[in-house]
Amino acid sequence: MSMPAPRNSLTDIAGLRVGQVHDAAVRTGVTVILPDQRAVCAVDVRGGGPGTRETDALASHTLVDAVDAIVLSGGSSYGLAAADGVAAALGARGDGFALFDMPGVPKSPVVPSAILYDLANGGDKAWGEEPPYRALGKAALAAVSDTVELGAFGAGHGARAGLHAGGTGTASLDLSGEGGRVAALVCVNSFGSVTLPGADDVYWAWPYEIDGEFGCGRPPADWRPAPEDWGAAKMQPGPRENTTIAVVATDIALTPAQAKRLAIMAQDGLARAIRPVHTPFDGDVVFALSTAARPLGKDGEVQLARLGSAAADCLARAVARGVHAARLATG
Numbered sequence: 009m010s011m012p013a014p015r016n017s018l019t020d021i022a023g024l025r026v027g028q029v030h031d032a033a034v035r036t037g038v039t040v041i042l043p044d045q046r047a048v049c050a051v052d053v054r055g056g057g058p059g060t061r062e063t064d065a066l067a068s069h070t071l072v073d074a075v076d077a078i079v080l081s082g083g084s085s086y087g088l089a090a091a092d093g094v095a096a097a098l099g100a101r102g103d104g105f106a107l108f109d110m111p112g113v114p115k116s117p118v119v120p121s122a123i124l125y126d127l128a129n130g131g132d133k134a135w136g137e138e139p140p141y142r143a144l145g146k147a148a149l150a151a152v153s154d155t156v157e158l159g160a161f162g163a164g165h166g167a168r169a170g171l172h173a174g175g176t177g178t179a180s181l182d183l184s185g186e187g188g189r190v191a192a193l194v195c196v197n198s199f200g201s202v203t204l205p206g207a208d209d210v211y212w213a214w215p216y217e218i219d220g221e222f223g224c225g226r227p228p229a230d231w232r233p234a235p236e237d238w239g240a241a242k243m244q245p246g247p248r249e250n251t252t253i254a255v256v257a258t259d260i261a262l263t264p265a266q267a268k269r270l271a272i273m274a275q276d277g278l279a280r281a282i283r284p285v286h287t288p289f290d291g292d293v294v295f296a297l298s299t300a301a302r303p304l305g306k307d308g309e310v311q312l313a314r315l316g317s318a319a320a321d322c323l324a325r326a327v328a329r330g331v332h333a334a335r336l337a338t339g
């Protein structure tokens, strides 16, 4: 039987570490996912208002087939500068991509990123010409560890999940047999609701909860959702005011095309946990990472289907875990 790995976290994938920092005055933050070795990466973008950097380079037909880090950030378009800070710090270490080693020519770190909108959350955004995100990116890189904090941490610090506090969540599964491990990390800032209409203590992800990990109630036996009852969704969104951004990862070796399929399948986890999702107001983005610690089995496509299904389950659980932790912290 498949169960969460020991940390129930993205860092259950050996070779991945996570850094989270935030600025409480600005009410924003940054999360960095750092592989020990450059890792195969793909991305799937479903939201109507995405904000991303270097995602075109992740297509399976392009030159670059691995990344040095992934950055998730608040700050809308300003937050894309967080990846500048990470790339600069990694380049100073000598990390990055190069076709040839040439003396005096720095390598080029490949640092895809995605942002969410937290500009209207009441924090002090009077930063003039010096937004804090480049510095926050460097600080998050310096803070990488095996620990992922749940709730108002990292890029999820200033987030809102519908009418509830949003935040950062994570979850993992250790698949039985030779299935490998899969895990997810998400920063939830959705237009849609994560809880059932009329049952605010019940998360849409309730069928996927394991061992009470997000304190979820259960819907009444006769409960049925009305066709357009969105419950605790944000009902007056402005342009780009939302977005749920996530990373799923596995220790199984995948090609860029297979990682893309993993990201596509993982998006279903957002559909299981948020209603509605992928709206014109959201910029939903899911990255997929492979650390290639274990080989893909002889029944590779079947194993990939299993990984994708598990990634979707992990992502749904991570959404509920993150929001639940944020709600507990805010009372």
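Residue numbering for the sequence shown follows the working numbering, beginning at 9 and increasing consecutively.
Idealized CB from N, CA, C, for every residue including glycine.
Just so we're clear, the structure is a prediction, and the values are computed from it rather than from any experiment.
Check                                                                                                                                                         : Outcome
Where does Y211 sit, in a helix, a strand or coil, going by DSSP?                                                                                             : strand
Apart from the five residues just before and just after L18, which ones in its own chain have a Cβ nearer than 8 Å to its Cβ?                                 : L24, V26, I41, V156, T178, S180, A191, A192, L193, V255 and A257
Should the segment 290-306 be regarded as contacting the segment 57-67, the criterion being three or more beta carbon pairs within less than 8 Å?             : yes
Do you know how far the Cα of H332 is from the Cα of F222?                                                                                                    : 6 Å
With distance defined between alpha-carbon atoms, name the residue in P43, F289 and E62 nearest to D52.                                                       : E62
Could you pull the DSSP bridge partners for H172 from this structure?                                                                                         : A169
Residues in the same chain with beta-carbon distance under 6 Å from A147, minus the five sequence neighbours each way, listed in chain order, please.         : V29
Entirely within the segment 114-171 and at least 4 residues each: give me those alpha helix (DSSP H) ranges in chain order.                                   : 141-150
Using CA atoms only, rank isn't needed, just tell me which of A74, A265, L80 and D126 is closest to A33.                                                      : D126
By the three-class DSSP mapping on this structure, what secondary structure does T258 have?                                                                   : strand
For D340, which residues in the same chain have their Cβ closer than 6 Å to its Cβ, ignoring the five residues on either side in sequence?                    : Here the chain has residues from 9 to 339 only, and residue 340 is not among them.
Is there contact here, the segment 198-205 with the segment 280-287, by at least three beta-carbon pairs under 8 Å?                                           : yes
Could you tell me the boundaries of the beta strand (DSSP E) in which A296 lies?                                                                              : V293 to R302
Quick test of the definition: if touching needs 3 or more C-beta pairs under 8 Å, does the segment 264-284 touch the segment 314-324?                         : yes
DSSP three-state label for I272, please.                                                                                                                      : helix
Would you please state the rounded distance, in angstroms, between the beta carbons of A122 and T60? I believe it to be under 8 Å.                            : 5 Å
Among the candidates F105, E309 and A128, whose CA atom is the shortest distance from the CA of D73?                                                          : F105
Could you spell out the range, first to last residue, of the alpha helix (DSSP H) harbouring R335?                                                            : G308 to T338
I'd like the span of the beta strand (DSSP E) that includes D31, first residue to last.                                                                       : L24 to D31
Nearest to P228 by CA position, among D154, G206, E217 and G305, is which residue?                                                                            : G206
Applying the criterion that 16 or more other CB atoms from any shown protein chain within 10 Å of the CB defines a buried residue, is W212 buried or exposed? : buried
Is the separation between the beta-carbon of G174 and that of C195 shorter than 9 Å?                                                                          : yes
Check the C-beta distance from L315 over to I272 and give it rounded, since I have them as a contact under 8 Å.                                               : Not a contact, Cβ separation roughly 12 Å.
Please say whether A89 and D76 have beta carbons closer to each other than 9 Å?                                                                               : no
Please report how far the alpha carbon of I21 lies from the alpha carbon of P43, in whole angstroms.                                                          : 10 Å
Residues in the same chain with beta-carbon distance under 6 Å from A274, minus the five sequence neighbours each way, listed in chain order, please.         : V256, V294, A319, A320 and L323
Rounded to whole angstroms, how far is the Cβ of G185 from the Cβ of R35, which I believe are closer than 8 Å?                                                : Not a contact, Cβ separation roughly 45 Å.
Sort A267, L270, N250 and A337 by Cα distance to P58 and report the nearest one.                                                                              : N250
With DSSP collapsed to three states, give me the class of P264.                                                                                               : helix
Return yes when the Cβ of L124 is within less than 9 Å of the Cβ of A163, no when it is not.                                                                  : yes
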